[in-house]
Amino acid sequence: MHIRKMIDQDLDFALQLTSSEGWSSTRLDFEELLQFDPDGCYIAEVDGKPVAMVCSSPYDGFGFISNLIVDREYRCKQYGTILMNHIIDYLENRGIRTQLLDGVIKAVPLYERLGFVKKHRSMRLEGTVKPKESLYVRHMISNDLEVIDRFDTDCFGAPREKFLHSRFRHFPTLAKVLEVHGEIIGYIMGSESGDIIRIGPWVMRKNLDLAEELLTEFAIEVEEKTLKIGVVENNVRALGLLQKHQFKEVGYSWRMLRGIEGDGSLSDHLYAICCAARG
């Protein structure tokens with residue numbers, strides 16, 4: 394098996410793999426991963442044929458591993474383990490001693506053998522929200538991004554402005570801020586692909602009791618369509634808010650950690666993950 398860096402020409406193959414797993418990944422998801430770190434995503438080949446992939450998002454102090462998928466025809470050959478060791482080595486060679494991932498249930502034993510430990514369920518929920526206008530919420534504008542980048546870094550645990558700016562650039566109508574007395578204290582973003590509307594990221598800097606204002610204002614843009622959202626279960630307040638709006642759990646993965654313990658990506662200020670690949 395030969396391992397090489399993923400390039401743009403591999404994205405059709407990557408989407409075939411995610412589709413075979415029933416995941417709702419988009420081409421933009423992978424384009425953003427490659428833009429964030431062109432060296433952090435890999436393809437495994439056998440006799441020149443792509444058979445597997447794995448991706449990473451290396452932040453300052455911790456990194457996310459994602460999209461480990463082996464073509465069904467090539468499973469049970471240790472290719473997944475080899476790819477995981479490759480991506481772990483890549484992150485550690487960059488000085489990243491804390492690795493995180495959202496592991497699907499069937500892959501958890503593999504990750505545990507590699508030293509990952511289950512921390513929290515990373516829950517997937519779906520629901521609809523009745524739209525409601527808020528005096529405190531408005532559409533995000535480009536001038537907001539500098540402020541958002543600063544407090545998002547504090548809440549998430551590392552800078553991720555490349556992802557945030559891309560989300561705003563591609564889906565500006567689904568990006569809103571919560572502003573009280575001239576101060577931005579929260580924001581929500583979303584993405585759309587066909588009939589699928591995903592919420593995330595959704596971050597509250599303070600005044601957590603006002604988070605619902607962002608959710609109901611977001612709903613104005615989507616005409617009560619079904620919304621998909623990922624929330625790590627340690628954020629009890631976020632889950633309670635979604636349950637209030639009758640969101641239903643449709644699945645979960647395990648937020649797992651390997652290496653040095655840390656709070657990156659697990660703050661109570663994070664009401665929704667960006668996506669499973671990035672935290």
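Using our numbering, the first residue of the sequence shown is number 394, and each one after it goes up by one.
Heads up, the beta-carbon is just placed ideally off N, CA and C, and yes, glycines get one too.
Residue burial is scored here from C-beta neighbours: E610 has at least 16 other C-beta atoms within 10 angstroms and is therefore classed as buried. About 11 Å separates the Cβ atoms of S515 and A665, ruling out a contact at the 8 Å cut-off. Counting C-beta atoms within 10 angstroms of its own C-beta, H395 has fewer than 16 neighbours from the protein chains shown and is therefore classed as exposed. For H563, there is no enclosing beta strand (DSSP E); the enclosing alpha helix (DSSP H) covers residues E554 to H563.
Going by beta carbons, I458 and R397 fall outside the 8 Å limit. Its chain contains G520 as the residues whose beta carbon lies nearer than 7 Å to that of Q639, once the 5 sequence neighbours on both sides are disregarded; these appear in chain order.
N627 has its alpha-carbon roughly 21 Å from the corresponding atom of E505. Excluding residues up to 5 positions away in sequence, I396, Y435 and V447 lie with their Cβ nearer than 8 Å to the Cβ of H479 in the same chain. Note: P443 is bridge-paired with E438 in the DSSP secondary-structure output.
Under the Cβ criterion (8 Å, minimum of three pairs), the segment 591-600 counts as touching the segment 530-547. Secondary structure of L410 (DSSP, three-state): helix.
A distance below 8 Å separates the beta carbons of R591 and K621.
Taking a cut-off of 8 Å for Cβ pairs, the segment 469-479 and the segment 413-424 do not touch, as fewer than three such pairs fall below it. A568 carries a coil assignment under DSSP once its states are collapsed to helix, strand and coil. Take the alpha-carbon of E585 and the one of V615: they are about 9 Å apart. Put simply, the segment 480-492 touches the segment 449-463. At least three CB pairs are less than 8 Å apart.
Going by C-alpha positions, L404 is about 25 Å away from R517. Listed as beta-bridge partners of Q492 by DSSP are G456 and R651. Within a 10 Å sphere around the beta-carbon of C469 sit fewer than 16 other beta-carbons, which makes this residue exposed.
Between P451 and I489, the C-beta gap is smaller than 8 Å, which places the two residues in contact.
From the listed residues K511, G550 and G587, the smallest Cα separation to K618 is found for G587.
About 5 Å separates the beta carbons of M649 and G496, which is inside the 8 Å limit, making them a contact pair. Nearest to L603 by alpha-carbon distance, out of P594, E572, V629 and L632, is E572. DSSP places L659 outside any beta strand (DSSP E), giving it a letter other than H or E. I577 sits away from L607, with the two beta carbons spaced by 8 Å or more.
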